Amino acid sequence: MIDLILNQTLNGLASASSLFLVASGLSIIFGVTRIVNFAHGSLYMLGAYLAWTLVGRFGPTDALGFWGGVLLAAVLTGLIGVVIEVLILRRIYQAPELFQLLATFGVVLMLQDVALGLWGAEDKIGPRAPGFKSFVILFGNRFPTYELFLIAVGPLVLLILWLLFQKTRWGTLVRAATQDREMVGALGVNQRLLFTSVFAFGSMLAGLGGALQLPREAVTLHMDLSMISEAFVVVVVGGLGSVTGAYLAAVLIGILHAFGILIFPKITLVLVFLVMAVVLVVKPYGLMGKAPVGHQRAHGPAEPLLLPADGLTKLAGLIGLIILALAPLVAPDHILLTLTELVIFALFAASLHFMMGPGGMASFGHAAYFGLGAYGAALAVKWLGAPMEPALLLAPFLAGIAGVVFGWFCVRLSGVYLAMLTLAFAQIAWATAFQSVDLTGGDNGILGVWPSAWAVSKPAYYYLTLAVCAASIVALRLTIFSPFGYGLRAARDNPLRAEAIGLDVVRIQWVAFAVAAFCAGIAGGLFAFFKGSVFPTYMAIPRSVDALLMVLLGGVQTVSGPIIGAFAYAGLSEQLMKLTMYWRFVLGLSIVLLVVLFPRGLVGAGLALRERWRKEPEPAATLVEARP
Amino acid sequence: MTAVSPAQIASAVAASEPVLVVRDLAKSFGGVRAVDGVSFSVLPGTMLALIGPNGAGKTTCFNMLNGQLRPDGGQVLLAGRPITGMKPRNVWRMGVGRTFQITATFTSMTVRENVQMALISHAGEIWSPFGRARDRHREAADALLAQVGMAAQAERACGVLAYGDLKRVELAVALANQPKLLLMDEPTAGMAPRERIELMALTADIAAAEGIAVLFTEHDMDVVFTHSDSVIVLDRGRLIAHGTAEEVRQDPNVRAVYLGTGATSGGH
Chain S
1 MIDLILNQTL NGLASASSLF LVASGLSIIF GVTRIVNFAH GSLYMLGAYL
51 AWTLVGRFGP TDALGFWGGV LLAAVLTGLI GVVIEVLILR RIYQAPELFQ
101 LLATFGVVLM LQDVALGLWG AEDKIGPRAP GFKSFVILFG NRFPTYELFL
151 IAVGPLVLLI LWLLFQKTRW GTLVRAATQD REMVGALGVN QRLLFTSVFA
201 FGSMLAGLGG ALQLPREAVT LHMDLSMISE AFVVVVVGGL GSVTGAYLAA
251 VLIGILHAFG ILIFPKITLV LVFLVMAVVL VVKPYGLMGK APVGHQRAHG
301 PAEPLLLPAD GLTKLAGLIG LIILALAPLV APDHILLTLT ELVIFALFAA
351 SLHFMMGPGG MASFGHAAYF GLGAYGAALA VKWLGAPMEP ALLLAPFLAG
401 IAGVVFGWFC VRLSGVYLAM LTLAFAQIAW ATAFQSVDLT GGDNGILGVW
451 PSAWAVSKPA YYYLTLAVCA ASIVALRLTI FSPFGYGLRA ARDNPLRAEA
501 IGLDVVRIQW VAFAVAAFCA GIAGGLFAFF KGSVFPTYMA IPRSVDALLM
551 VLLGGVQTVS GPIIGAFAYA GLSEQLMKLT MYWRFVLGLS IVLLVVLFPR
601 GLVGAGLALR ERWRKEPEPA ATLVEARP
Chain E
629 MTAVSPAQIA SAVAASEPVL VVRDLAKSFG GVRAVDGVSF SVLPGTMLAL
679 IGPNGAGKTT CFNMLNGQLR PDGGQVLLAG RPITGMKPRN VWRMGVGRTF
729 QITATFTSMT VRENVQMALI SHAGEIWSPF GRARDRHREA ADALLAQVGM
779 AAQAERACGV LAYGDLKRVE LAVALANQPK LLLMDEPTAG MAPRERIELM
829 ALTADIAAAE GIAVLFTEHD MDVVFTHSDS VIVLDRGRLI AHGTAEEVRQ
879 DPNVRAVYLG TGATSGGH
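Keeping their order, the protein sequence lines are chains S and E. With the working numbering applied, the first sequence covers 1 to 628. With the working numbering applied, the second sequence covers 629 to 896.
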């Protein structure tokens, strides 16, 4: 028994090393540039692919060839980081936080297709490391020496980082910038060079993390997103900006995984979730993290004035709805299918907008609630034998309950911390669906989720969808302009003031979180019966990203934004998918360009244009700079 | 003889009873006694200035009254009921309005909506998910804005206002729950001298008319000596003087503390 425990501890420590490399890079980059680099998992993946190619070229059996390949892969990943920083990030350091994130999402998409184009869709198996091919007998078990090597890498890199930060001028600058960016700028430090070098260094760490995994596991196109979500958990648990915290958290998570697989193989991720929950309740900013100072309004303008729709906008909405209602008279079935999907996504996006816009809480994991709605409907059909109507009614409650539970934790944080936590929860929901094969069918999903007889025809189901979604969107809209919606905006605009006029900020945000989850669940339920089946991918990160893109594309601070964004985004990506195999690259590139050119989203850009046209005597509130 | 308003009668009747009573208030940070056994009280309709050099414990003291800090010891009574250690939102519910040193308003709302927001909260309607918030308590909000001279700008966004006007909006928001006590942290910081006098004169008028007790911290000694009914002076966490502006000005302890700063500004 004791030998088993020791053995699993070693396994956990070995897997912690790469996690630590990636998370520390993420943390250092965030500390200095205040950008949460979503593409960090992609850099990790590139590191692994580059190592695979280089090691293969240099000769995998030769020690120099192998290690030279691994190190060169790390350096090349660092150079790719330089390109990303100089071409994209440098232009958006002053943009609102969410748009920076959006841009790094764009990079994720682009790099996914770059990897697909260069290395193909097949998994790549790396060679074993020369000099580390044997086993040692530890506690009666065979233990690969490469794992022992990896265990040593973690503390070694931690030591190197510590020396670098304490003993070099560059390290001192990085620490200073992490504490007070403006001050470092005021001292005449070349910030551009500092930012670029920090980004390159962080990228190199990610690349090294990926390259070192080569002898351990296959290189796949899915490495990026699975790594970034784990790295987010590590960073949230360890404390954003703390390298030591990242190491502690990586070890904690690594060991939890190792033992979880042994003891509760089906709920390892639930275990991780529980530990994370405990840490966040005791220390909301992680093991070694500090509460962000003045973080909430770090940059970006003050929240613009939100006015209810004028007559013209209402008329446009009504005309849009009438066109959608008349569509089945002229449109063939395949167009109706697309429209059904678009309408469902519009509700999905509107539900995310509710918490992101008026609520000021960005969720990176909103697909969890969409997926839980879909599973709620499918499970009701499969296990309770429910027909469509009660299943559709039940569906949002599963999502809503998850929203109540997850939301309780999330609303205690703010900004990027909250966003990363939502992503981690979504990953847990996804993994639960994936791992609970008995209940959910795992990867095979649940099939045979068909509508009742009256709603089987395409137009009938389209009308059902349109009616439910339009009603839900209108309800959300009314809520935004209701006293509760005002309270929610008050809590976002100025939490201190909100508390000082008697508002319970945390509770208001909690309720809004649950409402958003519930409405996403409605969309998910409709989607389940639309597709006739549900799969864990409904909850996966790409779908959360879809929702985020729809909202940001439309513009967060406009109420009609998410609907227009949903139609624009879903329409665009579908057309792209038809046109080219590398649609992700084109989409990613469009996102990056969009962020650089229109940092306020499509509707926001339209509004700005309209304001300029009208030339009002008083500067429009939406264009006003932030007050001190 | 001019008519006497019910508010004035009420304040006259209650004049003997202080609105705020603070007893032996204490707070330490890591062994440093930031506030050390401070006691005072404020009568309805009067303005009490809390002054002291930097680091005297003014802000700590203030934050214990408004609920942002929990005191280590002592008692805070509002109209005879203890509010010690309550959260800010509950302190507000007990009848304490508040303005911030750096103005705090809701930038995505108009001036009127800012006041309506406070009125909605006061009426306990915050959880209502339907019905337009803009249509609620409109007259009451306009009345409050008229009181602070902001009625003409009711439709403007709070994000575009001049600083002095923002202060007025904050005052209207703070008055929305018909407070017994108004806490103002550095109300005139960052304002032009003329605006300072106007704002404080307005506050004093409203306080007298409605019988509201006002406690404010202030750096500008002109404002303190012109607009306070009495003054308390903190130094290194302790209360070193308490009296009228003139008494405090003559106090040798206060002169010692303010030597070269406050003492000269009073000498006009």
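Using N, Cα and C, we set each Cβ at its ideal position, and we do this for glycine too. Please read these numbers as outputs of a predicted model, since none were measured by experiment.
Chain S contact for residue i (CB, 7 Å cutoff)
i, result
"E:Phe734", "yes"
"E:Pro757", "yes"
"E:Ala841", "no"
"E:Ala769", "no"
"E:Ala761", "yes"
"E:Pro716", "yes"
"E:Arg726", "yes"
"E:Arg721", "yes"
"E:Leu706", "no"
Within-7 Å CB hit, residue i to chain E
i, result
"S:Arg297", "Unreliable placement is indicated for S:Arg297, whose pLDDT of 42 sits below 50; the coordinate value is still reported in the next sentence. Taking Cβ atoms only, chain E never reaches closer than 7 Å to S:Arg297, which makes this a no."
"S:Ser472", "no"
"S:Gly294", "Any reading at S:Gly294 must be qualified, since the residue scores a pLDDT of 44, below 50, and its modelled position is unreliable; no value is offered."
"S:Thr104", "no"
"S:Leu478", "yes"
"S:Glu97", "no"
"S:Ser482", "yes"
"S:Leu305", "yes"
"S:Gly300", "Low per-residue confidence applies at S:Gly300: pLDDT is 41, beneath 50, and the placement is therefore not dependable enough to give any value."
Cβ neighbours of residue i in the same chain (closer than 6 Å, five flanking residues each side left out)
i, result
"S:Gly644", "No information on residue 644 of chain S is available, as it lies outside the stretch 1 to 628 that chain S covers here."
"S:Ser17", "Leu150, Val153 and Gly154"
"S:Phe585", "Met110 and Asp113"
"S:Asn141", "Asn7"
"S:His353", "Val551 and Pro562"
"S:Ala350", "Ile473, Leu476 and Pro562"
"E:Thr892", "At E:Thr892 the pLDDT is 42, less than 50, meaning the model places this residue with poor confidence; the figure from the coordinates comes in the next sentence. Here the set comprises nothing."
Residue i - DSSP class collapsed to helix/strand/coil
i, result
"S:Lys458", "helix"
"E:Asn694", "coil"
"E:Leu706", "strand"
"E:Ser667", "strand"
"E:Arg717", "helix"
"E:Gly777", "coil"
"S:Arg90", "helix"
"E:Met675", "strand"
"E:Ser749", "helix"
"S:Glu625", "Any reading at S:Glu625 is ruled out, since the residue's pLDDT is 35, under 50, leaving its predicted position unreliable."
"E:Arg661", "strand"
"E:Thr735", "coil"
"E:Thr816", "coil"
Cβ-based neighbour list, residue i, same chain, cut-off 7 Å, excluding 5 preceding and 5 following
i, result
"E:Gly894", "The pLDDT assigned to E:Gly894 is 39, lower than 50, so where the model puts this residue is not dependable; a value taken from the coordinates is nonetheless given after this. Correct list, in chain order: Met849, Phe853 and Arg877."
"S:Glu616", "Bear in mind that the predicted position of S:Glu616 carries a pLDDT of just 45, short of 50, making it unreliable; the figure below should be weighed with that in mind. Correct list: empty, nothing qualifies."
"E:Leu773", "Val739, Arg740, Val743, Ala779, Ala782 and Ala800"
"S:Tyr462", "Pro328, Leu336, Leu339 and Thr340"
"S:Phe38", "Leu101, Thr104, Phe105, Val108 and Ile228"
"S:Ala325", "Leu466"
"S:Ala218", "Asp123, Lys124 and Ile125"
Output, in sequence order along the chain, the residues in the segment 738-755 of chain E whose CB is closer than 8 Å to any CB in chain C. Looking at the structure shown, chain C is missing, and the protein chains on hand are S and E.
In the segment 772-794 of chain E, which residues sit with their C-beta less than 7 Å from some C-beta in chain S, listed in chain order? Ala785, Gly787 and Val788
Of all the residues that make up the segment 500-519 of chain S, which are near chain E by a beta-carbon distance shorter than 7 Å? Ala500, Ile501, Gly502, Leu503 and Asp504
Interface positions of the segment 173-206 of chain S facing chain E (Cβ-Cβ less than 8 Å), listed along the chain: none
Using a Cβ-Cβ cutoff of 9 Å, what residues of the segment 485-500 of chain S are near chain E? List them in chain order. Gly485, Tyr486, Gly487, Arg489, Ala490, Arg492, Asp493, Asn494, Leu496, Arg497, Ala498, Glu499 and Ala500
Interface residues of the segment 125-158 of chain S facing chain E [CB-CB below 7 Å]: none
Fully enclosed by the segment 214-295 of chain S, which alpha helix (DSSP H) runs are 4 residues long or longer? 223-238, 243-263 and 268-282
Relative to chain S, which residues along the segment 794-805 of chain E have a C-beta separation below 9 Å, given in chain order? Leu794, Glu798, Val801, Ala802, Ala804 and Asn805
Give me the subset of the segment 218-232 of chain S whose CB atoms are less than 8 Å from a CB atom of chain E, sorted by chain position. none
Could you run through the segment 809-837 of chain E and flag, in chain order, every residue whose CB is less than 7 Å away from some CB of chain S? none
Would you mind listing the beta strand (DSSP E) stretches within the segment 41-97 of chain S that are 3+ residues and don't spill past its ends, in chain order? none
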